[in-house]
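Protein chains in written order, with the working numbering: chain G, 18 to 199; chain U, 209 to 372. For every residue, glycine included, the Cβ atom is placed at its ideal position computed from N, Cα and C. Given the structure is predicted, the values throughout are model-derived calculations rather than measurements. Quick notes on the structure that follows.
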Amino acid sequence: MKRMKKVKIDHNYEFELDLAPLLAVMVKLVPVLLVSSAFVQLMTIETQLPQVVQQAIEKNEKDLKATHITLEVKEKDGVKIVVNKDGKDSVEMVPKKADGTYDFARLQERLRDVKMHNPEVFKIDLSPDAGVSYNDIVHVMDEARRSRDSNVKFPVFDKATNQETKTDYMFPEVTFANTMEG
Amino acid sequence: MRRRYELPKQKSTFGLNITSMTDMFTILLVFLLQTYSTSDVEIIPEKDMRLPASSSSTNPVESIKLVVSKELVKIDKTKIAEMKNSDFEAKDIDPNDTNFILPLFNELDKIAKDEKLKDNPAVKEGRILLQADSALPYSVLRKVMYTASMAGFPQLKLVTLVGE
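This is how it looks when you write it as structure tokens:
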């Protein structure tokens, strides 16, 4: 009977992985990605402009009882929140801080409160003064869009499921109300 | 005379250690894949223009690209008007309507009536992608919005940088 040959296993055997093909792929891939990469990420904020005055009037006539929220961004004083509910106006002012900048934290707080009392409203009208900077307008829109406090959510009725869900969105629809003014 | 010693000629090879280079490329690849743009729309920010930062997460859609910087107004790559002290020059404003920018209206009107662009959804739905300098006052933007709206472009999308 032939004796089986004993296989000797060397547990300390080392080998070198050939990385050259992998490197070749990477060298080709990196320039492609470098060219097509966006190092500055840009997003958009959607707004509607009042195109035809007649359409706006018709819409207003249909929604006579709807709550209307307007943010008047004043150049000197701050942000004025005007809530028109059942034909009655309630006005609240969020004054500027001592350093002359807008108090966005306080504005967010007040808008959360307005949203709590009017969960069915998702649209606001924005009326900035002529001298207000674009940066401040975008900041005000940001504060109005969604709640920064993750614990604060607002109820929304989902017609598809017939159930109430929660959302952190407050007023995502923004319309520049004074575009057509002279 | 001392004889010069010569090394025997022999073929020599050496293995280049590329492990560290592969490491570096792997890190670079992951970073580039993260920053890879998946948006269909290519927006090239104007030189010396600061866009406002926003927490908005809506990706840009194909629209007419309008740029309003401190120096000029552009549609795509076409210069429409020049700005002076962050405002429009008097010659570009309609004397009967101070919010109406004549060259901007003419250009947008031309796009709206262009037979080649009549099936373009951006033109059909009147969409504008507005890149404006964050330092510009609202009075300038209002004029642009008013004119765009008059030319049949009521859907305005404000381009912002990602951030707070």
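If we define contact as Cβ-Cβ less than 8 Å, is residue i a contact residue for chain U?
| i | result |
| --- | --- |
| N29/G | no |
| N152/G | yes |
| D166/G | no |
| V57/G | yes |
| E63/G | yes |
| D94/G | no |
| D146/G | yes |
| M187/G | no |
| V87/G | A small fix is needed here, since residue 87/G is Thr in this sequence, not Val. Chain U, which has no Cβ nearer than 8 Å to the Cβ of T87/G, makes this no. |
| T184/G | no |
| L50/G | yes |
| Q71/G | Summary for Q71/G: the model assigns pLDDT 41, below 50, so the residue's position carries little reliability; its value from the coordinates is reported in the next sentence. Cβ-Cβ to chain U under 8 Å: no for Q71/G. |
| L40/G | yes |
| D159/G | yes |
| M21/G | no |
| M110/G | no |
Is residue i close to chain G? Criterion is C-beta to C-beta, closer than 8 Å.
| i | result |
| --- | --- |
| I235/U | no |
| M257/U | no |
| S262/U | yes |
| S277/U | no |
| K332/U | no |
| K282/U | no |
| I196/U | Because chain U spans 209 through 372 in this model, residue 196/U falls outside it and cannot be assessed. |
| T230/U | yes |
| T221/U | no |
Report the three-state DSSP secondary structure of residue i (helix, strand or coil).
| i | result |
| --- | --- |
| H85/G | strand |
| I154/G | helix |
| L171/G | The residue you asked about is not Leu; residue 171/G is Phe in the sequence shown. Reduced to three states, the DSSP call for F171/G is strand. |
| M232/U | helix |
| L50/G | helix |
| N29/G | coil |
| L143/G | strand |
| M187/G | coil |
| L224/U | coil |
| M60/G | strand |
| M291/U | strand |
| A359/U | coil |
| K102/G | strand |
| I319/U | helix |
| L312/U | helix |
| V269/U | coil |
| V69/G | Model confidence at V69/G stands at a pLDDT of 44, short of 50, so the residue's coordinates are unreliable and nothing is read from them. |
| K132/G | helix |
| A340/U | strand |
| E137/G | coil |
| L280/U | strand |
| S262/U | strand |
| R165/G | coil |
| N179/G | coil |
| Y119/G | coil |
| M110/G | strand |
| T196/G | coil |
| I74/G | Any reading at I74/G is ruled out, since the residue's pLDDT is 44, under 50, leaving its predicted position unreliable. |
| K255/U | coil |
So residue i contacts chain G; which residues on that side make the cut at Cβ distance below 8 Å?
| i | result |
| --- | --- |
| S342/U | S150, Y151, N152, V155 |
| T266/U | M60, T61, I62, E63 |
Would you mind telling me which residues of chain G sit closer than 7 Å to residue i, beta carbon to beta carbon, in chain order?
| i | result |
| --- | --- |
| N328/U | Simply none; closest approach about 18 Å. |
| I251/U | L59 |
| T243/U | S54, A55, F56 |
Quick one: measure Cβ to Cβ for residue i and residue j, integer angstroms, because I've assumed they're closer than 8 Å.
| i | j | result |
| --- | --- | --- |
| S271/U | A330/U | 5 Å |
| D106/G | K114/G | Rounded, the Cβ-Cβ distance is 26 Å, inconsistent with contact. |
| S264/U | I62/G | 5 Å |
| L240/U | S54/G | 5 Å |
| R129/G | S164/G | 6 Å |
| P136/G | P172/G | 5 Å |
| A289/U | P311/U | 5 Å |
| R127/G | I98/G | 6 Å |
Output, in chain order, the set of chain G residues within a Cβ distance shorter than 9 Å of residue i.
| i | result |
| --- | --- |
| V370/U | V57, Q58, L59, M60 |
| K365/U | T61, I62, E63, T64 |
Could you tell me if the beta carbon of residue i falls within a distance shorter than 7 Å of some heavy atom in the ligand ADP?
| i | result |
| --- | --- |
| L312/U | The ligand ADP is not among the ligands present in this structure, which contains no ligands whatsoever. |
Name the chain U residues that come within less than 7 Å of residue i, Cβ to Cβ?
| i | result |
| --- | --- |
| V47/G | F233, L236, L237, L240 |
| T196/G | R350, M353, Y354, S357 |
Which residues in chain U have a C-beta closer than 8 Å to the C-beta of residue i? List them in chain order.
| i | result |
| --- | --- |
| A37/G | I226 |
| T192/G | What T192/G touches in chain U: nothing, since even the nearest Cβ is about 10 Å away. |
Just by C-beta distance, which residues in the region 292-326 of chain U are closer than 9 Å to chain G?
-> D305, T306, N307
In the region 125-141 of chain G, which residues sit with their C-beta less than 9 Å from some C-beta in chain U, listed in chain order?
-> none
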